[in-house]
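S.K.:
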Amino acid sequence: MKQLSLDNLRTFVTVIDLGGYAKAGEKLGRSQPAISLQLKKLEQQLATSLFDKVGQRHQVNHEGLKLYKTAQQMLSLNDELFRQFQPVSLKGRLRLGIPSEFATTLLPSIIGEFSYLYPNVSLEVTSALSKSLLSADNAQGFDLVMALIDPEQPTEGQLILNDELVWVGDKNRALSQESLALVLAPDGCVYRSRVISKLKMQTLKWRISYTNADLSGITAAIKQGLGISALARSSVPEQLDIIEHPYLPKLGSIKICLFLKASQHPQASAKLAEFIQSRLAS
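All you need for my numbering is the position in the sequence shown, starting with 1, plus 1104.
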């Protein structure tokens, strides 16, 4: 039996509502290539084209408009079912700790839908390095923590994704083969430690040209030509490109884990954890 993906349908509706792939990606927390892939899968399942290319833009066609109306109804029914079968009315204040790059790329796709389904739950979000979020000083400060963990490091966290670390930069700027310029987060960042350890095993010269703990600052520095950086593949913003080059070493993988802390609102914490896991797994 054939089944359409509601996630793909939600992406399709969002693209039309917001008028483009880029804006839909910002709202859903997905890259433009990921949005394009979802729409292609939808077209393959339905064996029809849903958009016509007009210049550089994709414009919804007659078949797409027909699907749009039905897709809205299906998504509305889906959301209504969740509201009807929610066993308890979740309420309270949740304190979420999350690495800054995921706060930028993941949270936008969670906050709107979570707040719509659970309007009585307020989110208090703190973004920081994983090391800081998991420190003993912050042990009582969060209900839920999302953190990056080295693959060989034992952890009590729930593994939600084994992700690949990738080099990121601006593909329009050539890499210097004399000295590699790096844009990194401060000491304590898992990405920074991995990059430095891998480069120390190479003969390539390198230097840290800029340090910033925030993804927006790192992105701006890269776009200004200050160097390249490293991120988990699932957190790469659409403004940056994944860079592959023979003299750039492979960076390996990283574990993305969730830590459920002692909470006054365990059901709400568990539900938020489900939302985060579903977004990263999609």
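For each residue, glycine too, the CB sits at the ideal point set by N, CA and C.
Every value quoted in this text rests on a predicted model; they were computed, and no experiment measured them.
1. Check Ala1334 in the structure and name its three-state DSSP category.
2. Are Ala1372 and Leu1364 touching if we call contact CB-CB under 9 angstroms?
3. Could you check what DSSP says for Ala1325 in three-state terms: helix, strand or coil?
4. With distance defined between alpha-carbon atoms, name the residue in Gln1368, Pro1370, Ala1336, Ser1367 nearest to Gly1356.
5. Below 9 angstroms between beta carbons: does that hold for Glu1167 and Leu1154?
6. So what does Glu1252 bridge to, in DSSP terms?
7. Considering only DSSP beta bridges, list what Val1272 is partnered with.
8. Excluding the 5 residues preceding and the 5 following Thr1118 in the sequence, name in chain order all residues of the same chain whose CB lies nearer than 8 angstroms to its CB.
9. Measuring straight from C-alpha to C-alpha, what distance separates Gln1149 and Leu1108?
10. Which residues in the same chain as Arg1114 place their Cβ atom closer than 7 angstroms to its Cβ, once the five residues preceding and following it in sequence are excluded?
11. Is it buried or exposed for Lys1173, if we count other Cβ within 10 angstroms and need 16 for buried?
12. How is Gly1123 classed by DSSP in three states: helix, strand or coil?
13. So the candidates are Pro1341, Lys1375, Leu1352, Tyr1351; which of them puts its Cα closest to the Cα of Ser1204?
14. Which runs of the beta strand (DSSP E) at least 3 residues long sit entirely within the stretch 1293-1322? Give them in chain order.
15. Below 8 angstroms, can you find three or more Cβ-Cβ pairs linking the stretch 1315-1334 to the stretch 1258-1265?
16. Taking the CB atoms as reference points, tell me whether Phe1246 and Leu1252 lie closer together than 9 angstroms.
17. Taking the DSSP output, what are the residues bridged to Ile1202?
M.R.: Working from what's here:
1. strand
2. Taking 9 angstroms as the Cβ cut-off, Ala1372 and Leu1364 do not qualify as a contacting pair.
3. helix
4. Here the closest residue by C-alpha is Ala1336.
5. yes
6. The question names Glu, but residue 1252 is Leu in the sequence shown. The partner list for Leu1252 (beta bridge, DSSP) reads Ile1360.
7. Ser1333, Ile1346
8. Ala1128, Lys1131, Leu1132
9. Roughly 7 angstroms between the two C-alpha positions.
10. Leu1179
11. exposed
12. Gly1123: coil per DSSP, three-state reduction.
13. Pro1341
14. 1310-1315
15. no
16. no
17. Looking at the DSSP assignment, Ile1202 forms a beta bridge with Ser1231.
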